[in-house]
């Protein structure tokens, strides 16, 4: 395929637009989380900056940027500065393969609302989520502090464990769709979303993505009651902000993937496809916040038992059953 | 365009693989190795083998190197000081020269492009790389595939037995 100037301009436009959507989305997700947590805990939450507190994200960004950027003297300077980027980049890159809606006609051309429809889409996502470990691991290690190191060791083992069950829970989806490309997976759910056929896989995937986001009840890497703030204890200013925003971008990207794999992505009646997609992602984000406001933190051994002794065998069994069902049908 | 891109990635690959051996800090060495794996994955993408690229990143950069870094972090090795003996330098340079000679010899003698198989670039693009690999793996190469999986199973059982004190 040869690229014309229009193609390149279109691609750049899509990338810039997607960046804007992700970053605003993540900023307002932070606000939404604070407001909803406030509601759950019977208090008001941030409502002072702008109407309903809607300008709060802007104020937060200004605060983060103007704060002093501290690097501890004993830290490994290079890795300490690189680690936040290593945490945020894989989360942002995941959006390259997410289709936001059906292809639309724009100025007489067919425009796909997806940056790249990869032949190995699901594997690309798995690769990125396995790379995301480095930010957590190196951030804690480079800080050269005990709390940070403990947090990053916990984070590392947790992410490795839950990646396994997450990957295995996606195998039945790939088996049903007969493709690794995300556009094909959405198209395969034209009649029925996969959650109907694969409720077990959906449950495993949901628990695993909660653990991958390091959210309560799986937030042991940052457990503030015991480790101050875990792997990002020593960070301040915008470097901390990058870790923080990376976490929320991760919530959005994993929520989008959950809705693509199990809820039919942008497919839905009546409303326009893009809107359906945003509604589904919004539902998942709300679920993440709701879970945070409701559940207590797991103990470390319970976390490992759940991952290795329950979710992984269950996912394997689910693959076997799906295989039988596909063969006998 | 493609050759410029190749040269840039190749330069990064060579520099990062030199850094793997020259870095004093084991974590930096490990990270340079991760960088090298990324460059390899990029080469696979350029060769129209996206599946290989993805597995390269998942298996090497995402699993094996993470475990190596985990071990380095747990042992908390900072800067390693290794004494260099004269014997090691002599033996190392001898082996290096031999391998260099061998490489140049093969490059001069043999053909660079190798044999052309029955998979063409158009076929890979139209059918899909994953589909082609899957078909070949489960039909023509079924026996090697099964043998490998038994081997891996044996390794897993062995690891569990070694790690467990009481069975």
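Chains as they are written, first to last, in our numbering: chain A, 1 to 329; chain B, 1001 to 1167. The C-beta atom is built at its ideal place from N, Cα and C for all residues, glycine as well.
- May I ask you to report which of helix, strand or coil DSSP gives residue 104 of chain A? strand
- Query: Using a C-beta cutoff of 8 Å, does residue 1132 of chain B count as contacting chain A?
  - Reply: no
- Should residue 70 of chain A be flagged as near chain B, meaning a C-beta pair shorter than 8 Å? no
- Task: Quick one: grab the DSSP three-state call for residue 1014 of chain B.
- Result: helix
- Message: Using a Cβ-Cβ cutoff of less than 8 Å, which residues in the same chain neighbour residue 193 of chain A once the five nearest sequence positions on both sides are dropped?
- Response: 262, 263, 264, 267
- Strand pairing of residue 1102 of chain B, partner residues [DSSP]: The partner list for residue 1102 of chain B (beta bridge, DSSP) is empty, contrary to what the question assumes.
- Taking only beta-carbon positions, decide if residue 1026 of chain B is within less than 8 Å of chain A. no
- Query: Would residue 126 of chain A count as contacting chain B if we go by Cβ distances under 8 Å?
  - Reply: yes
- Message: Quick check on this structure: which residue in A:226, A:279, A:81, A:269 has the alpha carbon closest to the alpha carbon of residue 252 of chain A?
- Response: A:279
- Message: Which complete alpha helix (DSSP H) runs does the segment 1023-1087 of chain B hold, if anything under 4 residues is left out?
- Response: 1026-1046, 1050-1055, 1065-1075
- Message: To the nearest angstrom, how far is the alpha carbon of residue 62 of chain A from that of residue 46 of chain A?
- Response: 16 Å
- Task: Please say whether residue 135 of chain A and residue 83 of chain A have beta carbons closer to each other than 8 Å?
- Result: yes
- Task: To the nearest angstrom, report how far apart residue 184 of chain A and residue 177 of chain A are at their CA atoms.
- Result: 7 Å
- Query: Looking at C-alpha atoms only, which residue of A:164, A:191, A:201, A:153 is the closest neighbour of residue 173 of chain A?
  - Reply: A:201
- Let me know the secondary structure DSSP gives residue 267 of chain A once reduced to three states. coil
- Message: Classify residue 205 of chain A: buried if its beta carbon has 16 or more other beta carbons within 10 angstroms, exposed otherwise.
- Response: buried
- Query: Does any C-beta atom of chain B lie closer than 8 Å to the C-beta of residue 92 of chain A?
  - Reply: no
- Who are the near neighbours of residue 1104 of chain B in its chain, counting only those whose CB is closer than 6 Å to its CB and skipping five residues on each side? none
- Query: If we ignore side chains and look at the alpha-carbon of each, how far apart do residue 1005 of chain B and residue 1121 of chain B end up?
  - Reply: 20 Å
- Task: To the nearest angstrom, report how far apart residue 295 of chain A and residue 40 of chain A are at their CA atoms.
- Result: 12 Å
- Message: Can you look up residue 1020 of chain B in the DSSP assignment and give me helix, strand or coil?
- Response: helix
- In chain B, which residues lie less than 9 Å from residue 324 of chain A when you measure between Cβ atoms? Residues of chain B passing the Cβ test: none, with the nearest at roughly 17 Å.
- Whole alpha helix (DSSP H) elements within the segment 5-42 of chain A, 4-residue minimum: 5-40
- What are the residues that DSSP puts in a beta bridge with residue 109 of chain A? A:106
- Given that residue 1201 of chain B touches chain A, what residues does it touch there, using C-beta distances under 8 Å? Lying before the first or after the last residue shown, residue 1201 of chain B is absent from chain B, which here runs from 1001 to 1167.
- Item | Three-state class that DSSP yields for residue 1138 of chain B in the structure shown | helix
- Item | Neighbourhood of residue 96 of chain A by C-beta, 6 Å cutoff - its chain only, sequence neighbours within 5 removed | 115, 116
- Residue interval of the alpha helix (DSSP H) (run including residue 146 of chain A): 146-177
- Query: So which residues on chain B does residue 119 of chain A lean against when the C-beta distance must stay under 7 Å?
  - Reply: 1050, 1128, 1129, 1130
- With DSSP run on the structure shown, which of helix, strand or coil describes residue 136 of chain A? helix
- Item | Euclidean distance between Cα positions of residue 129 of chain A and residue 1087 of chain B | 45 Å
- Task: Within its chain, find whatever has a CB closer than 7 Å to the CB of residue 77 of chain A; leave out the 5 residues flanking it on each side and keep chain order.
- Result: 71
- Task: Please decide whether residue 23 of chain A counts as near chain B, where near means a Cβ-Cβ distance under 8 Å.
- Result: no
- Message: So residue 1011 of chain B contacts chain A; which residues on that side make the cut at Cβ distance below 9 Å?
- Response: Here the premise fails: no neighbours, minimum Cβ distance about 20 Å.
- Does residue 88 of chain A come within less than 8 Å of chain B when only Cβ atoms are used? no
- Query: How would you list, in chain order, the residues of chain B whose beta-carbon sits under 8 Å from the beta-carbon of residue 130 of chain A?
  - Reply: 1057, 1058, 1061, 1062, 1063, 1066
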